[in-house]
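Visitor: In the working numbering, the protein residues as written are 131 to 513.
Note that the Cβ used here is the ideal one computed from N, Cα and C, for glycine as well.
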């Protein structure tokens, strides 16, 4: 690791980790890049690129995660607002992605900086073969001095097109490239303890999710051009912080101040350590297909002793799922304690509940998988 990277790690508990970071991921939302008349605002994008290019030319590796493809495609298609149906969203993304990259290429080229387009879906970051290839490509681009501009592949994504306006994707990309910091930019300058228009106070620092208890976080974006809002940015920042990457949520107007470590926005301090991206996906992004309810003994085994989940500790099963699907695991009171990949389909489990492993082994023989959810496929989550 470079000396600047070591410095970033040393002061990762403060905003100065952004100022000294060797590698940063910066996410910008659709609402920050669009004009009142529709389409991409050349002025807004150029102002952002001026800040990012200056940082790149100072030696920092920069990855941009940019929304805006669908928004860029609205005007050419004669649409005034983001369409609700998937097919038209995909059409707008197909038209707009090239326009968006043309703007980025032109703006960065003015600084002598080369950019590349990287289109991803959540599968690219959760299936090992695709994950390895994505990691290798991004590392090589960074080594060559290129600024990768990452976007979700909206043209082919289905469920992923409503992923959260790229916020959570940005958190996974930060994890993928082992970034020193994640900066989430939008048209809101900070997280507040209530509606900013009602005299709410800025939340300067979040040290743990418990700091946000009782805070109502908005979810709507501006002008109907994006899918995310403050809620998805907070979730992305928490994902990063829980996996060893500090994060800052602020406005695009504050980008220059944010990158030099000024006291702007809301800072999310590291409160965890890096873990495999597969477990990140399972904790935050997996399509949950059912629920397993546990007795108290099984809850203790899973949460305190970090054991696999056996049939004897399960008291109820809901949902329709196949072996290999993601399910949530709850205690008797209904509190979700974990997510896991289940080894049985939902139709088979009711006949196994509460039964000992010896009894099931005698009846099912070699077909019996001892664990309903193996500990390696299980991740604890906060309720």
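What's the gap between the Cα of residue 198 and the Cα of residue 181?
Guide: 19 Å
Visitor: Got a sec? Which residues, its chain only, sit under 6 Å from residue 246 by beta carbon, not counting five neighbours each side?
Guide: 271, 276, 278
Visitor: Look up residue 339 in the DSSP assignment and say whether it is helix, strand or coil.
Guide: helix
Visitor: Since residue 301 and residue 153 are thought to touch, with beta carbons under 8 Å apart, how far apart are those beta carbons, to the nearest angstrom?
Guide: About 15 Å; that fails the 8 Å criterion.
Visitor: Where does the unbroken beta strand (DSSP E) through residue 409 begin, and where does it stop?
Guide: That residue, residue 409, is in no beta strand (DSSP E); its alpha helix (DSSP H) goes 407-414.
Visitor: Starting from residue 226, trace the alpha helix (DSSP H) in both directions and tell me its first and last residue.
Guide: 216-239
Visitor: Give me the residue from 481, 364, 330 with the minimum Cα distance to residue 398.
Guide: 364
Visitor: From the DSSP secondary-structure annotation, give me the bridge partner or partners of residue 474.
Guide: Partner(s): none; residue 474 has no beta bridge.
Visitor: Identify the continuous alpha helix (DSSP H) that holds residue 437 and give its terminal residues.
Guide: Unbroken run through residue 437: none, as it is neither H nor E.
Visitor: Of all the options 465, 418, 229, which has the alpha carbon lying nearest to the alpha carbon of residue 451?
Guide: 418
Visitor: Residue 409 to residue 231, Cα distance in whole Å?
Guide: 32 Å
Visitor: Out of curiosity, what's the CA-to-CA distance linking residue 396 and residue 321?
Guide: 6 Å
Visitor: Please name the residue or residues paired with residue 322 in a DSSP beta bridge.
Guide: 332
Visitor: Using the C-alpha atoms, what's the distance from residue 368 back to residue 194?
Guide: 19 Å
Visitor: Say the cut is 6 Å; is the CB of residue 323 nearer than that to a heavy atom of the ligand ATP?
Guide: Here there are no bound small molecules, and the ligand ATP is not part of this structure.
Visitor: Inspect the beta-carbon positions of residue 473 and residue 442 and report whether they are closer than 7 Å.
Guide: No, they are not a contact pair.
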